[in-house]
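Peer 1: There's a structure below that I have some questions on.
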Amino acid sequence: MQDTEAFLEELGQQVRLRAEGTSNFTKAAMAELACEWLENEGEIEEFTPAHYDVRGMPVHGSGIAEKDDAIDLFVVDWSPETTLKSLTQTEVRQEFKRLKNLFVKAATSNLHEELEESSPVYGLAWSLRKRATTFGRLRLFLISNRLLSSRVDTLENEIIGSWQASFHVWDLQRLARLQDTKAEPIVIN
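Taking the working numbering, the leading residue of the sequence shown gets 5, the next gets one more, and so forth.
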């Protein structure tokens with residue numbers, strides 16, 4: 005298994021290269037890279053980038069999980085540090101609260117009318133307003149290059165409006181395990 009510090013360094017390099025190569029923001033590049041991994045491993049069905057971080061309502065992408073009757077929303081917590089840092093329960097809850105606020109505003113009001121039509125998040129907000137009621141579940145993902153604190157309690161599912169919401173944290177260690185299992189060869193006796 006790859007050392008967590010080495011994985012942090014490798015992840016940082018991959019994200020910076022992707023960000024530079026696409027003239028993208030670091031958080032958007034992190035979302036795209038991590039979601040490629042999640043999609044390849046079958047954790048999610050699709051990912052569409054949609055970077056937005058205005059008025060305390062960030063989102064870095066979305067997806068539809070038809071088989072789970074769910075809307076997926078993604079937010080990234082990115083630390084530019086090159087040393088291991090901890091992601092606290094307060095920070096996790098704050099990120100999810102902000103993402104929930106964006107979802108509620110987009111799904112139940114006309115957030116899309118406040119946005120530039122050419123922006124990727126306009127399509128997301130419009131789609132949430134028009135299609136959110138056709139889905140029964142909401143899956144919120146927090147992707148981070150920090151280590152989830154051992155003090156973080158289990159995040160219980162909750163009801164948001166008429167949607168059953170679940171919370172998924174993909175921290176540095178969980179991403180490293182995902183990449184590590186992908187790299188292990190399968191031995192058949």
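Each residue gets a CB set at the ideal place from its N, CA and C atoms; glycine is no exception.
(1) Unbroken alpha helix (DSSP H) runs of length 4 or more, entirely within the segment 59–129: which are they?
(2) Can the beta-carbon of LYS109 be found less than 7 Å from the beta-carbon of LEU103?
(3) Kindly indicate which three-state DSSP category MET5 falls into: helix, strand or coil?
(4) Under 6 Å Cβ to Cβ from PHE145, same chain only, skipping five residues before and after it: list those, please.
(5) Could you check how far apart the C-beta atoms of THR92 and SER153 are, in whole angstroms? I think they sit under 8 Å.
(6) In whole angstroms, give me the CA-to-CA distance for VAL156 and GLN18.
(7) Sorted by chain position, which residues of the same chain lie with C-beta nearer than 6 Å to LEU128's C-beta, five sequence neighbours on each side aside?
Peer 2: Taking the geometry as given:
(1) 93–112
(2) no
(3) Unreliable placement is indicated for MET5, whose pLDDT of 45 sits below 50; the coordinate value is still reported in the next sentence. Of the three classes helix, strand and coil, the one that applies to MET5 here is coil, per DSSP.
(4) PHE78 and HIS172
(5) 5 Å
(6) 28 Å
(7) ALA54 and SER66
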